[in-house]
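Notes follow once the structure below has been shown.
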Amino acid sequence: MDSTVDPSQPPPSRYVAQKRRDWNTFLQYLKNHKPPLTLGRCSGAHVIEFMKYLDQFGKTKVHVAGCPCFGQSNPSAPCACQLRQAWGSLDALIGRLRAAYEENGGRPESNPFGAKAVRIYLREVRETQAKARGIPYEKKKRKRPSTAKADAGSSHGGGGNDVGDDC
């Protein structure tokens, strides 16, 4: 069977396409790892190592404690602090990889993307980045289903920060 796109099938959603790219990137990372790793031998520690590897491609400046910009949400001067992956990007990535792992035959109880160490690492990244920017992280409150029904009939436009928004 060739790998051309089947015209009778709708194209994959952005989420599905991104999940596939993320999965292939992670598999390539395992292949290039020294020594190479198999998916079956992958642990939460390897997932954390992968996230740290991705920091080199990040676009979010994270100020260190000694930086004059540390704790400022809008620093007035440039600094030499490194660019990192944003917490939200890492959190979304792990969510997609966690789903892809199980879709590719992995058992939920052995999913390295759901390991406690990964959750702890993500929490530390979130807290560190919030402190570096001087902005405390506050979890968004979910809307109750009864409220969502009432809002569904309203005629006002979007503007919220819904899942899938790029801003």
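With the first letter of the sequence shown counted as 1, position 66 gets the number 66 in UniProt numbering; the numbers rise by one all the way through. Beta carbons are placed, not taken as given, at the ideal position from N, Cα and C, and that holds for glycine.
Reference residue i; option with closest CA among the options
| i | options | result |
| --- | --- | --- |
| Thr38 | Gly106, His63, Ala117 | Gly106 |
| Ser110 | Lys34, Gly40, Ala117, Gly71 | Gly40 |
| Phe50 | Val118, Pro68, Val16 | Val118 |
| Ala100 | Arg21, Pro7, Gln9 | Arg21 |
| Ala130 | Pro68, Pro36, Gly88, Pro11 | Gly88 |
| Ala65 | Phe57, Gly44, Cys79 | Cys79 |
Paired residues, beta bridge with residue i - DSSP
| i | result |
| --- | --- |
| Ser133 | The residue asked about is misnamed: residue 133 is Arg in this sequence, not Ser. DSSP output for Arg133 lists no bridge partner at all. |
| Lys61 | Leu83 |
Residue j beta carbon less than 9 Å from that of residue i
| i | j | result |
| --- | --- | --- |
| Gly86 | Lys59 | Before going further, note that residue 86 is Ala rather than Gly in the sequence given. Result yes, Cβ atoms of Ala86 and Lys59 sit closer than 9 Å. |
| Asp91 | Leu122 | yes |
| Arg142 | Ser73 | no |
| Pro112 | His46 | yes |
| Gly114 | Arg98 | yes |
Assigned secondary structure, residue i (DSSP; H/G/I helix, E/B strand, else coil)
| i | result |
| --- | --- |
| Phe113 | helix |
| Gly44 | helix |
| Asn74 | coil |
| Pro68 | coil |
| Gln56 | helix |
Where the alpha helix (DSSP H) through residue i begins and ends
| i | result |
| --- | --- |
| Leu27 | 14 to 32 |
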